[in-house]
Amino acid sequence: MRGHVRAVGIAALVFAALAGWEASRLQAWSPFDGPGPGLVPQVLAVLIAVAALGVMAAPGDGALEGGDASPLRSRCFLAYGAAMLGVALALPYAGFIVTGFAATLLVLRVGEGRSWARSAGWAVILVVAVTLLFGTALGVPFPDGPAERMLAPLRLIRIG
Amino acid sequence: MIDGLMQGFAVLLTFQNLSLCLLGAVLGTLVGVLPGLGPATTIALLLPISLKLDPTGAIILLAGIYYGVAYGGTITSVLMRIPGEASSVVTCIDGYAMAKNGRAGAALGIAAIGSFIAGTVGVLGVMLLSPPLAEIVIAFGPWEYAALMLAGLSMIAFFAASGVARAALMALIGLFLGSVGLDPMAGTPRFTFGVPALVDGINIAPLALGLFGLSELLFLALSGDGKPEILRAPSGMLGFMPNRQEWKRSAGPIARGSVLGFLVGLLPGGGAVLASFLSYAVEKRLTKYPHEFGKGAIEGVAGPESANNSGTAGAFIPLLTLGIPSNAVTALLLGALLVHGVQPGPMILERQPELYWGVIASMYLGNFILVVLNLPFVGLFVRALEVPRRFMATSILLICVIGTWSTGLNHFDVLLAAIFGIVGFLLRRAGFDLGPLILAYVLGPTLERSLRQALLISDGDLMDVVNHPIALGFLIVAALVLLSAVTMRKRPAVVQDGGS
Numbered sequence: 001m002r003g004h005v006r007a008v009g010i011a012a013l014v015f016a017a018l019a020g021w022e023a024s025r026l027q028a029w030s031p032f033d034g035p036g037p038g039l040v041p042q043v044l045a046v047l048i049a050v051a052a053l054g055v056m057a058a059p060g061d062g063a064l065e066g067g068d069a070s071p072l073r074s075r076c077f078l079a080y081g082a083a084m085l086g087v088a089l090a091l092p093y094a095g096f097i098v099t100g101f102a103a104t105l106l107v108l109r110v111g112e113g114r115s116w117a118r119s120a121g122w123a124v125i126l127v128v129a130v131t132l133l134f135g136t137a138l139g140v141p142f143p144d145g146p147a148e149r150m151l152a153p154l155r156l157i158r159i160g
Numbered sequence: 001m002i003d004g005l006m007q008g009f010a011v012l013l014t015f016q017n018l019s020l021c022l023l024g025a026v027l028g029t030l031v032g033v034l035p036g037l038g039p040a041t042t043i044a045l046l047l048p049i050s051l052k053l054d055p056t057g058a059i060i061l062l063a064g065i066y067y068g069v070a071y072g073g074t075i076t077s078v079l080m081r082i083p084g085e086a087s088s089v090v091t092c093i094d095g096y097a098m099a100k101n102g103r104a105g106a107a108l109g110i111a112a113i114g115s116f117i118a119g120t121v122g123v124l125g126v127m128l129l130s131p132p133l134a135e136i137v138i139a140f141g142p143w144e145y146a147a148l149m150l151a152g153l154s155m156i157a158f159f160a161a162s163g164v165a166r167a168a169l170m171a172l173i174g175l176f177l178g179s180v181g182l183d184p185m186a187g188t189p190r191f192t193f194g195v196p197a198l199v200d201g202i203n204i205a206p207l208a209l210g211l212f213g214l215s216e217l218l219f220l221a222l223s224g225d226g227k228p229e230i231l232r233a234p235s236g237m238l239g240f241m242p243n244r245q246e247w248k249r250s251a252g253p254i255a256r257g258s259v260l261g262f263l264v265g266l267l268p269g270g271g272a273v274l275a276s277f278l279s280y281a282v283e284k285r286l287t288k289y290p291h292e293f294g295k296g297a298i299e300g301v302a303g304p305e306s307a308n309n310s311g312t313a314g315a316f317i318p319l320l321t322l323g324i325p326s327n328a329v330t331a332l333l334l335g336a337l338l339v340h341g342v343q344p345g346p347m348i349l350e351r352q353p354e355l356y357w358g359v360i361a362s363m364y365l366g367n368f369i370l371v372v373l374n375l376p377f378v379g380l381f382v383r384a385l386e387v388p389r390r391f392m393a394t395s396i397l398l399i400c401v402i403g404t405w406s407t408g409l410n411h412f413d414v415l416l417a418a419i420f421g422i423v424g425f426l427l428r429r430a431g432f433d434l435g436p437l438i439l440a441y442v443l444g445p446t447l448e449r450s451l452r453q454a455l456l457i458s459d460g461d462l463m464d465v466v467n468h469p470i471a472l473g474f475l476i477v478a479a480l481v482l483l484s485a486v487t488m489r490k491r492p493a494v495v496q497d498g499g500s
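What follows is the structure, encoded as structure tokens:
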């Protein structure tokens, strides 16, 4: 626990240094316009650094939320994490329907250890349900992708 | 006021708003039942859907979830000793002990009835106190607003469960994230790094969905998929009725819990969680049966359950009249209103009376729906716990992705949400409370604008604040709160004393 808290403190210090450096390029005070765009961010960067030092000085005790086991040794955790990042990165190229299906399939097959058939079945049900709810019922424009381009002429969804 | 309430009921009594009120209450109860999936996560998930509704409908739906959660959380606390929601933690102690003694029905019954009474008291308080408070706040200038925001932020540090330094760090990072984008006064881009999507600032959807939705997904992935042991709930309505002695012992705690909860709910940083803990401590001190506490004292259920419901209602006063959220959930509600172009604050009663009174009316009806729903359908709600992780987690993933995309229609937001998901997971794992971060993020732009306006008017003279007694008062309160937060941190002792 203490190690994790101190790691967060160090990350916050780095964040404060970068934020302070970027904020220092903004004008903090102008003789004509008074307080400038850099004033508050500069003050915040200093305060973040102070709070980070405070956290590192007194990290406290307690158990890690989610248990002591390393998440990186959990196949399920890695599958969900990879699916999450994968969807975010692939969305501009493959659209929502294809990436959503692939991510669900990956998570269920690799992470949850379900059979290919069951994984594909649930992936289809889920993607269809989300598409119908958001795309058809609520009219949310979908990101451009091959499946979206096929469905758009049917007026089931529109591309944003 | 009566006219206003009538107007509120006229707004509420449309098919759409009634359905949204019912849906919010049911979803809130379900969320309360499911451990882990809290109101902040659910409101974050529904934020994009709410954008398709008018502002009144959206806030009726989201508010229903907020107060419904307090009811639902009781069910798992009593039947499984697992708090479905933080405000029901304290109910685990005596509620579960009552269930083990064969009084599960009485515990659930008194919790539902106490919650209904307290919820009604809370709504009455909101109705009576908001208009005069709004009239006072209307005279506030930039110094008063800036000092009020600082006082609110200082209270976060006091009440945050994770400790002063950690809460302060989260709040400061939240304030910083709120400063990304065009500077509110000069229009200068800040921290955009050439990314066009950041010019308008970090949208609340990727931040909230990442920190609360996707981080929750990672915790679900880390947890086991086992089924918990559930004690049996009564099958008939009569089984939920407390006996005469239990009624007698519960009357005082319900009354005290209702008032205490409401007052605590008013405080920035307060709300339902703190209200329930304080009520438990008060009842434990006042009871004639102290030896029964921890072994099934009905006062330990009636008081906290009443307090957490009226605390939920009380939190709407600072939200609606000052535009200051009390906790992460009301911060998200504020975010939803801002996305709809509604600026909560003292003018809301004049500019959007239909929204204000519509929400009040929906809270009356929502409380009634919840008490009717809770008792006969306890068994049904408990079955929600049997939904396997794989179905829930994959649904959260896809809803978060399309929800984030739908609010800004850009891919960068989805990437940002994934990054915030990982950051939220790491912070929560190390014991950091994300509430102060989202709260400060929402308050940040108003704080900066007020502070800079005040400095501009006073020609940069910080000491000008002494010419504004109200602002000075807020600053003194903030300083005192921070001082006491550093010197006394005794809240967890309440549970440890009463527990096990």
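Here the protein sequences come in this chain order: A and B. Quick note: the first sequence uses the UniProt record's numbering, first residue 1, plus one each step. Quick note: the second sequence uses the UniProt record's numbering, first residue 1, plus one each step. Here a beta-carbon is modelled for each residue, glycine too, at the ideal position from N, C-alpha and C.
Let's test the definition: count the other Cβ atoms within 10 Å of the Cβ of residue i and tell me whether it reaches 16, buried, or not, exposed.
i                      : result
A/V8                   : buried
B/P196                 : exposed
B/A168                 : buried
B/Q453                 : buried
A/E148                 : buried
A/A69                  : exposed
B/T487                 : exposed
B/Y71                  : buried
B/F140                 : buried
B/S484                 : exposed
B/S19                  : exposed
A/V14                  : exposed
B/E386                 : exposed
B/A10                  : exposed
residue 539 of chain B : For residue 539 of chain B there is no data in the structure shown, the boundaries of chain B being 1 and 500.
B/L439                 : buried
Give me the Cα-Cα distance between residue i and residue j, rounded to the nearest whole angstrom.
i                      : j      : result
B/V378                 : B/C400 : 29 Å
B/A104                 : B/L51  : 40 Å
B/V442                 : B/A331 : 6 Å
B/G498                 : B/G95  : Residue placement at B/G498 cannot be trusted, given a pLDDT of 38 that sits under 50; what the coordinates show is reported in the next sentence. So the alpha carbons of these two residues sit roughly 12 Å apart.
B/V121                 : B/L320 : 18 Å
B/G473                 : B/F432 : 30 Å
A/L89                  : B/D200 : 22 Å
B/L207                 : B/E292 : 45 Å
B/A25                  : B/G261 : 20 Å
B/A315                 : A/R114 : 44 Å
B/G424                 : A/I10  : 16 Å
B/L129                 : B/P353 : 15 Å
B/A44                  : B/K288 : 43 Å
residue 162 of chain A : B/T446 : The requested residue 162 of chain A is not part of the displayed model; chain A covers only 1 to 160.
B/L46                  : B/I65  : 10 Å
B/F412                 : B/K295 : 53 Å
B/V90                  : B/L380 : 24 Å
B/N308                 : B/A328 : 15 Å
B/I173                 : A/I48  : 7 Å
B/I117                 : A/M150 : 54 Å
B/I402                 : A/F96  : 7 Å
A/A129                 : B/V69  : 25 Å
B/A40                  : B/F212 : 7 Å
On the DSSP bridge list, what partners appear for residue i?
i      : result
A/F142 : A/I159
B/L182 : B/P189
A/W29  : A/P35
For my contact list, residue i and residue j are in at a C-beta cut-off of 8 Å; report their separation, rounded to the angstrom.
i      : j      : result
B/L375 : B/T29  : About 11 Å; that fails the 8 Å criterion.
B/L456 : A/G34  : 4 Å
A/A19  : A/P41  : 7 Å
B/L79  : A/Y80  : With 8 Å as the limit, B/L79 and A/Y80 do not qualify as a contact, their Cβ atoms being about 29 Å apart.
B/I317 : B/L266 : 6 Å
B/P346 : B/I138 : 4 Å
B/L222 : A/G3   : Not confirmed; about 18 Å, so no contact.
(message) Within 8 Å, do at least three Cβ pairs link the segment 13-22 of chain B to the segment 116-136 of chain A?
(response) no
(request) Would you check if the segment 99-112 of chain A and the segment 386-401 of chain B touch, i.e. whether three or more CB-CB distances between them fall below 8 Å? (result) yes
(request) Answer yes if the segment 106-121 of chain B comes into contact with the segment 320-329 of chain B, meaning at least three C-beta pairs across the two stretches below 8 Å, and no otherwise. (result) no
(message) Taking contact to mean 3 or more Cβ pairs, one atom from each stretch, closer than 8 Å, check whether the segment 18-33 of chain A and the segment 183-195 of chain B are in contact.
(response) yes
(request) Specify whether the segment 171-181 of chain B and the segment 356-369 of chain B touch according to this definition: at least 3 beta carbon pairs, one from each stretch, less than 8 Å apart. (result) no
(message) Under 8 Å, with one C-beta from each stretch per pair, do the segment 40-58 of chain A and the segment 70-84 of chain A reach the 3-pair mark?
(response) no
(message) Check whether the segment 244-259 of chain B and the segment 278-288 of chain B touch, using three or more Cβ-Cβ pairs below 8 Å as the test.
(response) yes
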